[in-house]
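Beneath this line is the structure, given in structure tokens, with notes to follow.
Numbering (my numbering), first residue to last: 12 to 96.
This is the structure in structure tokens:
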């Protein structure tokens with residue numbers, strides 16, 4: 012369920028939003044302190060940036076799915092109420 016929501020979120024985000032998410036993840040990582048500019052550290056930053064972007068998209072996608080399920084269930088409840096009356 013969350014993966015579907017995450018995929019929907021990634022598809023609906025434009026490049027500006029993705030750039031913002033990557034920048035936010037990088038800023039979060041940079042707050043841990045200064046590192047040497049070694050190849051390993053750069054790869055570490057890249058991997059952590061991808062993971063943070065994935066987690067942010069997962070959370071946002073989860074909210075989207077909760078919203079969609081809530082809307083669909085309320086529509087079905089309304090239809091059922093109309094059929095009863």
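Even glycine gets a Cβ: it sits at the ideal position worked out from N, Cα and C.
TODO: Measure the alpha-carbon distance for residue 10 versus residue 69 and round it to whole angstroms.
DONE: Residue 10 falls outside the range modelled here, since the chain spans only 12 to 96, and no answer is possible.
Task: CB of residue 60 within 8 Å of CB of residue 93, strictly - done: Going by C-beta atoms, residue 60 is not nearer than 8 Å to residue 93.
Open item on the list: Could you tell me the alpha carbon to alpha carbon distance between residue 76 and residue 87, rounded to whole angstroms?
Closed with: Cα to Cα, the separation comes out at about 16 Å.
- [ ] Within 10 angstroms of the Cβ of residue 71, are there 16 or more other Cβ atoms? Answer buried if so, exposed if not.
- [x] It is buried - the Cβ of residue 71 has at least 16 other Cβ atoms within 10 Å.
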